[in-house]
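These notes concern the structure reproduced below.
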Amino acid sequence: MKKLLIIQNYNANKGDSSVVHTMKKIILDKNPNIDIALTSYDPSFAKEEYKLNSAEWLINFRNIKLAESKIRKIYFFLKEFLWIIYSVVWIVFYKVKIKLPIPKFKRDTIELYIDSEVVVLPGGHFFTNLNSFPVVFSHFYGLLFAKLMGKKTMIFSQTIGPFFGKFRKLTELMTNFIIKKTDIVTLREEDSLQYCKKYKNVFVTAETVFALPTNRKLAEKIHQLKNLKVDERMIIGVTIHHIYFKHFFSKDEYLKIMSNIFDRVIERSNCNILIIPMEASYHKGGDRPIAKEIRNLCKEEKYVHILDGDLDPIITSSVIANMDIFIGTKTHSIVYGLKSFVPTISISYQQKSTEFMKMFGVEENAINLKDLNIEKFMTIFNRIYENKEKYSKIQKINYEKVKNRSLQNFKYLLSLFNKGR
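When the sequence shown is numbered by our numbering, its final residue is 1101 and no position is left out of the sequence of numbers.
Written out as structure tokens, the structure reads:
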């Protein structure tokens, strides 16, 4: 049995979870003799959702984020900090075939590393200053640790960059170092290539989740969706971003822009708007609190709905497939819309989303989040509203080509099992 370890799965996010679902399905279809394990942000939830053996990240900030008191935050921070120091000592001794004791809270994680043959860091968008530096370091160290143990490694369908702010140089240095040391790196769009052109181990493919078609029927039993479909109004799905808007707007500005857009869209199309959460609710509600604030500011509030429940990513993608038009800000929600052939508008907080739209021949329907205003958005919306069938057809025509590019990721991954160290 070949052993594969997928690391740094952030399963509080539906997009990251859909990556693991896709990887599991395609890898086991191609080779059922591969045993897949995970390091996950929330390992107990991961075991339940993916039905795979799971342990926590090598460096995990979950307990720090969820701690309700400063004392507990400090306690969990010191615990992880001391572990980082000890893990460096541990790996030095491991390389000379001496196994030091492993703290109980990291034992499952280290055992998965030891047991693995190939370690893969899946996409996502991990190496960028859009994420906090400690999170970037956690991803970096998780893969470096595997390399130091002598494992074959892969960065799988990632977006790289942008780099900015006070940690720019350090983040870029770490990123270049780990790319250089990794056996194979695949990028999910061309824009990321600007940061790693000089490396011969880097290949441009496509986003992982494009590899699997969406089952539209899975969402048909959702009561809330059935009720909306009884109404004669069309349904327009929307995802928002509860974090990254801060790079471009104040919170009040973002709320005002989005609520005004909702009102204009409702006025133009006589629709119901369904806001579709993409984050787990146990993180202070995820993206639901800001969704409620936007809805409360809408003049046409009665036509703005928020999807109930913590639905898994497969059902969430099916919900999006049942929309008449889809407006996405969260990256993987845009992926869901495109591959479901729902006419999709991308509010792109980063170039990757626009690159995905370009792959499907609908780049004209993307707008940068930093440039978002009502007039620019409504120009795109009116074009799609008047040409829904046209854009659905364009996305459908381009899907097979994008799907085949996505499947290239798995050819590179499986090739590592046939290579010597």
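Cβ atoms here follow ideal geometry from the backbone N, Cα and C, with glycine treated the same way. Just so we're clear, the structure is a prediction, and the values are computed from it rather than from any experiment.
For residue i: DSSP bridge partner residues
i           : result
residue 992 : Residue 992 pairs with nothing; no bridge assigned.
residue 718 : 686 and 734
residue 874 : In DSSP, residue 874 forms no bridge with anything.
residue 801 : 835
residue 867 : 838 and 884
residue 807 : 840
Residue interval of the beta strand (DSSP E) (run including residue i)
i            : result
residue 952  : 951–955
residue 1046 : 1046–1048
residue 1023 : Segment: none, residue 1023 is in no beta strand (DSSP E) and carries neither H nor E.
residue 1007 : 1005–1008
residue 984  : 984–986
Where the alpha helix (DSSP H) containing residue i begins and where it ends
i            : result
residue 960  : Run containing residue 960: none; DSSP gives neither H nor E here.
residue 702  : 694–710
residue 766  : 750–775
residue 822  : 813–828
residue 971  : 968–977
residue 855  : 848–861
residue 779  : Unbroken run through residue 779: none, as it is neither H nor E.
residue 1096 : That residue, residue 1096, is in no alpha helix (DSSP H); it is neither H nor E in DSSP.
residue 785  : 784–795
residue 743  : 742–746
Cβ-Cβ separation, residue j to residue i (assumed contact under 8 Å), whole Å
i            : j            : result
residue 682  : residue 715  : 7 Å
residue 1086 : residue 887  : 6 Å
residue 1047 : residue 1036 : About 14 Å; that fails the 8 Å criterion.
residue 925  : residue 855  : The pair is not a contact, with the Cβ atoms about 24 Å apart (cut-off 8 Å).
residue 970  : residue 922  : 5 Å
residue 809  : residue 843  : 5 Å
residue 828  : residue 775  : 7 Å
residue 899  : residue 1002 : 5 Å
residue 741  : residue 814  : 6 Å
residue 956  : residue 889  : Not confirmed; about 15 Å, so no contact.
residue 974  : residue 1052 : Not confirmed; about 13 Å, so no contact.
residue 1122 : residue 794  : The structure shown does not extend to residue 1122, since the chain is modelled only from 681 through 1101, so no value can be given for it.
residue 816  : residue 851  : 6 Å
residue 977  : residue 1009 : The pair is not a contact, with the Cβ atoms about 17 Å apart (cut-off 8 Å).
residue 1022 : residue 1005 : 7 Å
residue 717  : residue 733  : 4 Å
residue 859  : residue 879  : 6 Å
Chain D within 8 Å of residue i, Cβ atoms only
i           : result
residue 775 : Absent from the structure is chain D; it holds one protein chain and no more.
Handout entry: Three CB pairs or more closer than 8 Å across the region 801–810 and the region 765–785
Key = As far as the Cβ criterion goes, the region 801–810 does not touch the region 765–785, which means the pair count is below three.
Practice task
Identify every run of the alpha helix (DSSP H) within the region 877–931, keeping only runs that are complete inside it and at least 4 residues long; order them along the chain.
Solution key: If one requires a minimum length of 4 residues, the alpha helix (DSSP H) runs lying completely within the region 877–931 are 903–910, in chain order.
Handout entry: Meets three-Cβ-pair contact criterion under 8 Å: the region 907–927 and the region 944–963
Key = Taking 8 Å as the limit for Cβ pairs, the verdict is that the region 944–963 does touch the region 907–927.
Handout entry: Contact the region 999–1014 vs the region 693–705: 3+ CB pairs below 8 Å
Key = The region 999–1014, when compared against the region 693–705, does touch it at the 8 Å Cβ threshold.
Practice task
Count the C-beta pairs between the region 716–726 and the region 750–770 that are closer than 8 Å, then say yes if the count reaches three, no if not.
Solution key: These segments do not touch.
Exercise for the section: Count the C-beta pairs between the region 984–991 and the region 1024–1043 that are closer than 8 Å, then say yes if the count reaches three, no if not. Expected result: For the pair of segments examined, the region 984–991 was found not to touch the region 1024–1043: the number of CB pairs separated by less than 8 Å stays below three.
Problem - Contact between the region 850–865 and the region 829–839 (3+ Cβ pairs under 8 Å) - result: Counting C-beta pairs with one atom in each stretch, the region 850–865 and the region 829–839 have three or more that are closer than 8 Å, which means they touch.
Practice task
Tell me the start and end of each unbroken beta strand (DSSP E) in the region 1031–1090 that is at least 3 residues and wholly inside, in chain order.
Solution key: Listed in chain order, the complete beta strand (DSSP E) runs (minimum 3 residues) inside the region 1031–1090 are 1046–1048.
Exercise for the section: Check whether the region 696–705 touches the region 772–784, taking contact to mean three or more Cβ pairs, one atom from each stretch, closer than 8 Å. Expected result: They do not touch, by the three-pair rule.
Practice task
Spell out a yes or no on whether the region 889–906 and the region 931–947 are touching, meaning 3 or more CB-CB pairs, one atom from each, closer than 8 Å.
Solution key: Touching, no.
Exercise for the section: Examine the Cβ distances between the region 878–886 and the region 1061–1076 and report whether three or more of them are shorter than 8 Å. Expected result: The region 878–886 vs the region 1061–1076: no contact.
Handout entry: Meets three-Cβ-pair contact criterion under 8 Å: the region 835–846 and the region 1086–1099
Key = The region 835–846 is in contact with the region 1086–1099.
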